[in-house]
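Colleague: Count the sequence shown with mature numbering (1 follows the signal peptide of the UniProt record, and there is no 0) and you get residues -21 to -1, 1 to 453, in order.
Beta carbons: idealized from backbone N, C-alpha and C, even for Gly.
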Amino acid sequence: MHFVSLRAGLALAIALSTVIADLDRPGDEEYIIWPVNPINPEAVQFITSALESKAGGQAEVYTSIVPRRPSPLYWLARLPVKEVGAIRSISGVKSIYLNKEAAIPFFSHRSPEANATFPNYEKFATQTLPATELRVISQPSGSAKIDRYRNYVYRTDKRKEIYIYHAELGINADHEDFQGVPIEWDWTDLQIRKGGRAKGEAPSGYFGHSTCTASKAAGRKYGSAKQERLVVVKMPDYTTASLAEIMWTIYNHVYDNGRRDRSVVTISWGSIVPVAFPLDPQNDLWLAVYQAMTALWSLGVVIVCAAGNSAQTLNAAGRWRTLVDTAPAVFQLYAAFPPMVVVGNVDNYGKRYPTSQRTGRGDQPQVHAPGVEIQCASPTSTSDYRFDTGTSFSAPLVAGVVAELMAVGEIGVGMLPEIAVIGVTTMLGWTRPNGGEYVIWDLVPPAINPPGWGFLNASLSGSVANLSDTILTQ
């Protein structure tokens, strides 16, 4: 039998208590805490102090502060499970739950020039040997023969600077597709806290998706907008906290830089599970996103969103999810005048891809864009490309066309977003004579992009040098 002195026993007890205390300290469980709205400053300070106390220090608590909002958007804190109930009971706390992944990118699967004249002010440029999906966009209405159109033709008589805001995880800006593209960077506060103002694409289970979608919007080789400024707004992941912040970050960037009526936002992700709209008052995340989008619409910002790829899955009631049912795309479904463009996916002949969801609005056609085996920039190389499928890639193609036509005045700068959306959904598209969906068109007249003969496998073009910027003028 071994005996220990009182002093030694006391030291052992202190050591054990320290170990136990350490085990009780915040682990990997990160909680998001939503305040009631409105909330007074005293309650904010009390909640912040309580979180710091329960989480083990100020460094373990993050307060999301959005400029021009009178109160915090939310708090993040690493808490022991046993403290959650105490936090929930504090006056001013609306809800608390784990900060988990709440959205996913909308891809279905992944696998590794002639001179012409036009009798007015319009000027055009031709990209020879483009990715096939770009040829589709500058085909005139009525043609069903994609193989007869070899080029991507686009307007160049730019009148205003238009900004394409890319809301995701960053991009591989070293890829040749982005060389020469005017790029700005901004970061959510949560990204700065977790990873600093790092450029590049944040690692995720969907690595490469973010670079690819930006490539389809504004890439010199693979994108539909060849002369607009790309604003990369980077969040660290697809968790609740990140999604709640990123749209407010974009709003503040547009507001602070005076870009009212001159900005387009492209979104290629959506909620993991269906979201009912009108929103449940307890749905804190999507209420925050909706409020930020409403603020953006008040600034005349056009938002282009992927429709989703769940048409061939069943909902909880056992019905096919044919109609759009994920946020933020679902916000458009019930609006009297839909304030954003929700884009579906078609193949290069205008046939809807089976997984692409529909808006189901009888008053306006749903805009579609090619999104089947599209070609885009690689996230890990300066020159390689990859193929992808999904509404994720249809949406940025449409965003690029919208930005281009805003720049040249075809879409009036300063009109209400819902009026701009009506213009996009009723004028900027075609339906093939052999059937199919309503597909985006960049308004290039047939005389500017006449058909040729013979099939040209443009998807296999290998260099940005194939991009010709010859201006076609009167």
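#1: Could you check the C-alpha separation between V115 and D235 for me, to the nearest Å?
#2: When you compare only the Cα positions, how much space is there between L376 and A193?
#3: Within 8 Å (strictly less), CB to CB, does R238 reach chain D?
#4: Using 8 Å as the cut-off, can you tell me whether the stretch 191 to 210 makes contact with the stretch 47 to 54, which would need three or more C-beta pairs spanning the two stretches below that distance?
#5: What are the partner residues of R134, as DSSP defines its beta bridges?
#6: Quick check: the Cα distance between W166 and A81, rounded to an integer number of angstroms?
#7: Output the distance between the C-alpha atoms of S68 and I26, rounded to the nearest integer angstrom.
#8: Note down the Cα distance separating G237 from L278, rounded to an integer number of angstroms.
#9: Sort out for me which residues DSSP pairs H347 with in a bridge.
#10: Between K138 and K102, is the Cβ-Cβ spacing less than 8 Å?
#11: Would you report the Cα separation of Y128 and I11, rounded to the nearest angstrom?
#12: Assuming contact is defined by CB atoms lying nearer than 8 Å, are E8 and L77 in contact in what I supplied?
#13: Quick one, which of N130, I150 and R47 has its alpha-carbon nearest I162's?
#14: For D421, tell me which candidate among P430, E389, V400 and E397 has the shortest Cα-Cα distance.
#15: Please tell me whether G329 and A286 are closer than 8 Å, where the distance is taken between their beta carbons.
#16: Taking the alpha carbon of V233 as the reference point, which residue from E147, S250, W276 and G415 has its own alpha carbon closest?
#17: Quick check: what's the CA-CA separation for K200 versus V380?
#18: Taking the straight line between their C-alpha atoms, what separation do you get for A267 and A223?
#19: Quick one, are the C-beta atoms of S289 and Q336 less than 8 Å apart?
#20: Between which two residues does the alpha helix (DSSP H) holding T370 run?
#21: Just reading off the alpha helix (DSSP H) that L30 is part of, what are its end residues?
#22: How about E180 and T361: are their beta carbons less than 8 Å apart?
#23: Whole angstroms are fine: how far does the CA of A65 sit from the CA of G369?
#24: Can you tell me the Cα-Cα spacing of V160 and A197, whole angstroms?
#25: Please confirm whether H347 and V423 have their CB atoms less than 8 Å apart.
#26: Taking the DSSP output, what are the residues bridged to W276?
#27: Put K73 into one of helix, strand or coil per three-state DSSP.
#28: Can you list, in chain order, the residues of its chain with a C-beta nearer than 6 Å to that of V351? Leave out the 5 residues immediately preceding and following it.
#29: Would V15 and W227 qualify as a contact pair, given that the criterion is a beta-carbon distance under 8 Å?
#30: Can you tell me whether L293 is buried or exposed? The criterion is at least 16 other CB atoms within 10 Å of its CB, across all chains shown.
#31: On the CB-based measure, 16 or more other CB atoms within 10 Å of its CB, does M406 come out buried or exposed?
#32: By how many angstroms is the C-alpha of Q106 removed from the C-alpha of N262?
#33: DSSP on P396, reduced to helix/strand/coil?
#34: Answer yes or no: do V320 and V400 have a C-beta to C-beta separation smaller than 8 Å?
#35: Please state the DSSP three-state secondary structure of E39.
#36: Using the three-state DSSP reduction, which class does L209 fall into: helix, strand or coil?
Modeller: So, to answer that:
#1: Here residue 115 refers to the residue found at position 136 when the sequence shown is read from its first residue. Here residue 235 refers to the residue found at position 256 when the sequence shown is read from its first residue. Straight-line spacing of the CA atoms in V115 and D235 works out to 37 Å.
#2: Along the sequence shown, one-based indexing puts residue 376 at 397. Along the sequence shown, one-based indexing puts residue 193 at 214. Roughly 9 Å between the two C-alpha positions.
#3: Chain labels in this structure do not include chain D; a single protein chain is all it has.
#4: In this structure the stretch 191 to 210 does not lie against the stretch 47 to 54, because fewer than three pairs of beta carbons, one per stretch, are closer than 8 Å.
#5: To locate residue 134, count along the sequence shown from 1; it is residue 155. Per the DSSP secondary-structure output, R134 pairs in a beta bridge with F103.
#6: Within the sequence shown, numbered from 1, the residue matching residue 166 stands at position 187. Within the sequence shown, numbered from 1, the residue matching residue 81 stands at position 102. So the two alpha carbons sit approximately 19 Å from each other.
#7: Walking along the sequence shown from the start, residue 68 turns up at place 89. Walking along the sequence shown from the start, residue 26 turns up at place 47. Here the alpha carbons of I26 and S68 stand approximately 11 Å from one another.
#8: As a first step, residue 237 is located in the sequence shown; it is residue number 258 there, counting from the start. As a first step, residue 278 is located in the sequence shown; it is residue number 299 there, counting from the start. Straight-line Cα distance between these residues: approximately 10 Å.
#9: Within the sequence shown, the letter at position 368 stands for residue 347. Bridge partners of H347 according to DSSP: G323 and V418.
#10: Here residue 138 is taken as the residue at index 159 of the sequence shown, counted from 1. Here residue 102 is taken as the residue at index 123 of the sequence shown, counted from 1. Here residue 138 is Arg; the residue named in the question, Lys, does not match the sequence. It is not a contact, given that the beta carbons lie outside the stated cut-off.
#11: Along the sequence shown, read from residue 1 onward, the residue named residue 128 stands at position 149. Along the sequence shown, read from residue 1 onward, the residue named residue 11 stands at position 32. One C-alpha to the other measures close to 52 Å.
#12: Translated into positions along the sequence shown, residue 8 becomes position 29. Translated into positions along the sequence shown, residue 77 becomes position 98. Contact flag set, yes.
#13: For the purposes of this step, residue 162 is taken as residue 183 along the sequence shown, with counting starting at 1. Here the closest residue by C-alpha is I150.
#14: Start at 1 with the first residue of the sequence shown, and residue 421 comes out as number 442. Answer by Cα proximity: E389.
#15: The count along the sequence shown starts at 1 and reaches residue 329 at position 350. The count along the sequence shown starts at 1 and reaches residue 286 at position 307. In this structure, A286 does not lie closer than 8 Å to G329 by Cβ.
#16: Locating residue 233 in the sequence shown gives position 254, counting from the first residue. Cα-wise, what sits closest to V233 is W276.
#17: In the sequence shown, counting from the first residue as 1, residue 200 sits at position 221. In the sequence shown, counting from the first residue as 1, residue 380 sits at position 401. If you take the alpha carbons of K200 and V380, they lie about 14 Å apart.
#18: Taking the sequence shown and counting its residues from 1, the one referred to as residue 267 is at position 288. Taking the sequence shown and counting its residues from 1, the one referred to as residue 223 is at position 244. Our two residues, A267 and A223, have alpha carbons roughly 6 Å apart in a direct line.
#19: Taking the sequence shown and counting its residues from 1, the one referred to as residue 289 is at position 310. Taking the sequence shown and counting its residues from 1, the one referred to as residue 336 is at position 357. It is a contact, given that the beta carbons lie within the stated cut-off.
#20: Residue 370 sits at position 391 when you count from the first residue of the sequence shown. Counted as a single uninterrupted DSSP element, the alpha helix (DSSP H) harbouring T370 occupies residues T370 to A386.
#21: Taking the sequence shown and counting its residues from 1, one reaches residue 30 at position 51. Residues P20 to A34.
#22: For the purposes of this step, residue 180 is identified with residue 201 of the sequence shown, where counting begins at 1. For the purposes of this step, residue 361 is identified with residue 382 of the sequence shown, where counting begins at 1. T361 is positioned such that its CB atom lies no closer than 8 Å to that of E180.
#23: The residue given as residue 369 occupies position 390 in the sequence shown. The residue given as residue 65 occupies position 86 in the sequence shown. The straight-line gap separating the alpha-carbon atoms of G369 and A65 is approximately 44 Å.
#24: Reading the sequence shown from its first residue, position 181 is the one you call residue 160. Reading the sequence shown from its first residue, position 218 is the one you call residue 197. Looking at the two C-alpha atoms, the distance is approximately 8 Å.
#25: In the sequence shown, the residue the question calls residue 347 occupies position 368. In the sequence shown, the residue the question calls residue 423 occupies position 444. Not a contact, by the Cβ cut-off of 8 Å.
#26: In the sequence shown, counting from the first residue as 1, residue 276 sits at position 297. Partner(s): none; W276 has no beta bridge.
#27: Within the sequence shown, residue 73 is the residue found at index 94, counting from 1. Annotated three-state conformation of K73 is strand, per DSSP.
#28: As a position in the sequence shown, residue 351 is number 372, starting the count at 1. D326, Y332 and T368.
#29: Here residue 15 corresponds to residue number 36 of the sequence shown, with the count starting at 1. Here residue 227 corresponds to residue number 248 of the sequence shown, with the count starting at 1. Cβ distance not < 8 Å, so V15 and W227 don't count as in contact.
#30: Sequence index remark: in the sequence shown, residue 293 carries index 314 (1-based). Answer is exposed; the Cβ neighbour count stays below 16.
#31: Here residue 406 corresponds to residue number 427 of the sequence shown, with the count starting at 1. Only exposed fits M406, as fewer than 16 other CB atoms lie within 10 angstroms of its CB.
#32: Position 283 of the sequence shown, counting from 1, holds the residue named residue 262. Position 127 of the sequence shown, counting from 1, holds the residue named residue 106. Roughly 46 Å separates the two Cα atoms.
#33: Residue numbering aside, residue 396 sits at position 417 when the sequence shown is read from its first letter. When secondary structure is reduced to three states using DSSP, P396 falls in the helix class.
#34: Looking up residue 320 in the sequence shown gives position 341. Looking up residue 400 in the sequence shown gives position 421. Cβ distance < 8 Å, so V320 and V400 count as in contact.
#35: In the sequence shown, residue 39 corresponds to position 60, counting from 1. E39 falls in the helix class under three-state DSSP.
#36: For the purposes of this step, residue 209 is taken as the residue at position 230 of the sequence shown. Reduced to three states, the DSSP call for L209 is strand.
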